[in-house]
Amino acid sequence: MAGRNPFNPSQNKTLKKTTLLLILFLLGISGTAKGQESFPFLGEIKGKNVNVRAGQNENFESVMRLQTGDKVVVVGKEFAWYKIKLPPGASAYVHSKYLKMLSKEVGEITGHRVNVRAGAGVNASSLGQLVRSTKVYVQAQKEDWLKVEPVEGLYGWVTDGMVDFISKDIPAPVIVEAPTRNIYKIAKELKKKAIEESTKETAKANEALSKIRSPISVAGLVKKIEESSSLEAKYKLIVTENISYTLQAPASILDYFVNYHTKVDGGLVFAVPGSSQSDTIQVRRIVLSY
24 MAGRNPFNPS
34 QNKTLKKTTL
44 LLILFLLGIS
54 GTAKGQESFP
64 FLGEIKGKNV
74 NVRAGQNENF
84 ESVMRLQTGD
94 KVVVVGKEFA
104 WYKIKLPPGA
114 SAYVHSKYLK
124 MLSKEVGEIT
134 GHRVNVRAGA
144 GVNASSLGQL
154 VRSTKVYVQA
164 QKEDWLKVEP
174 VEGLYGWVTD
184 GMVDFISKDI
194 PAPVIVEAPT
204 RNIYKIAKEL
214 KKKAIEESTK
224 ETAKANEALS
234 KIRSPISVAG
244 LVKKIEESSS
254 LEAKYKLIVT
264 ENISYTLQAP
274 ASILDYFVNY
284 HTKVDGGLVF
294 AVPGSSQSDT
304 IQVRRIVLSY
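Number 73 in our numbering belongs to position 50 of the sequence shown; there are no gaps in the numbering.
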């Protein structure tokens, strides 16, 4: 049986041509596969309890686990690890000194390029950095650290064998807005505050009014009124059926004029409006009137 003649130039030329075509074919396949893996793309997890890590190897912290069918946005690749946008539910922490609370649930980043970490501590790996004024949902607090819902700009890593390509259509990022103010609640609070301030102002005005002393000179009948609720008696000056004043002077003096018509000079102190008390005359001079 005739074999290949190694010294036959035509046979050697054919072999080289075949080898070259095979190499080009394999390179073409490799190039096509590599070309198809362009970023970003929407992927689907194809395993149970797939760790999302803070870096591209198993020594980094696991920030969450994904399940079969979960969707992820793949933005890059290093070695055998896909870089993905950090999914909702992942552990992400910001130090409280870089976060200002706008409401019970929404906070705002106050520093420039603030690290968001995989755990509540400066030694935890960084998942990305957020710029000033970025809004985040705050989920919990652990000492000086606040756990936040992942937002645009934070990333995790998944082994490439656990992700299938789905589509180049990427869902829009979730943007956290500043909390809206409840105008009805605010109006109610403002009304309540206005009433409280009005009440305080009225009380101040009444108190000031009660301290005003106007000169008065008036005649009337002095009456002594015993009150069971008080150990001291009150003295009234009855001017008419509808007008009377409380007299303020030593009882030893007023007792002398009880049931007599008198003329009283003094200072009038107005009673607090709305109270059951009558205006009071601070007696400076009292004489019998005939």
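Idealized CB from N, CA, C, for every residue including glycine.
Asked	Found
Only counting runs of 3 or more residues, tell me where the beta strand (DSSP E) segments fall wholly within the stretch 256-291, in order along the chain.	257-261 and 267-271
Can you tell me whether Met87 is buried or exposed? The criterion is at least 16 other CB atoms within 10 Å of its CB, across all chains shown.	buried
Just reading off the beta strand (DSSP E) that Leu109 is part of, what are its end residues?	Per DSSP, Leu109 belongs to no beta strand (DSSP E) and is neither H nor E.
With DSSP run on the structure shown, which of helix, strand or coil describes Asp93?	coil
Could you pull the start and end residues of the beta strand (DSSP E) that Asn138 belongs to?	Val137 to Arg140
Measure the C-alpha to C-alpha separation of Ser301 and Leu311 and round it to an integer number of angstroms.	23 angstroms
Only counting the same chain, and skipping five residues up and downstream in sequence, which positions put a Cβ closer than 6 angstroms to that of Thr303?	Thr269, Gln271 and Val292
Does the separation of the CB atoms of His135 and Val117 fall below 8 angstroms?	no
Would you call Leu177 buried or exposed, if buried means 16 or more other Cβ atoms sit within 10 Å of its Cβ?	buried
Three or more beta-carbon pairs under 8 angstroms between the stretch 125-135 and the stretch 148-168, yes or no?	yes
Compare the beta carbon distance of Val95 and Ile193 with 8 angstroms and say whether it is the shorter of the two.	no
If Leu150 and Val139 are in contact, beta carbons under 8 angstroms, what's the gap, nearest whole angstrom?	5 angstroms
With H, G and I counted as helix, E and B as strand and the rest as coil, what does DSSP make of Ala217?	helix
What does the alpha-carbon distance come out to for the pair Lys259 and Lys214?	42 angstroms
Roughly how many angstroms separate the alpha carbons of Ser156 and Glu172, rounded to a whole number?	16 angstroms
State the DSSP-derived secondary structure class of Thr157, mapped to helix, strand or coil.	coil
I'd like the span of the beta strand (DSSP E) that includes Ile309, first residue to last.	Thr303 to Leu311
Quick one, are the C-beta atoms of Tyr105 and Val174 less than 8 angstroms apart?	no
Compute the distance between the beta-carbons of Lys170 and Ser114, then report whether it is under 8 angstroms.	yes
What whole-angstrom Cβ distance do Gly99 and Phe64 have, given they're in contact under 8 angstroms?	The pair is not a contact, with the Cβ atoms about 11 angstroms apart (cut-off 8 angstroms).
I need the straight-line Cα distance from Gly322 to Asn146, nearest angstrom please.	Given that the chain is displayed from residue 24 to residue 313, the structure contains no residue 322 and the question cannot be resolved.
Which residues does DSSP pair with Val145 in a beta bridge?	DSSP, once it has assigned bridges, lists no residue as partnering Val145.
Ala115 CB to nearest chain C CB: under 8 angstroms?	In summary, chain C is missing from the structure at hand, where a single protein chain is found.
Can you tell me whether Lys108 is buried or exposed, with buried defined as 16 or more other CB within 10 angstroms of its CB?	buried
Compare the Cα-Cα distances from Thr91 to each of Thr133, Arg76 and Gly66 and report the closest residue.	Gly66
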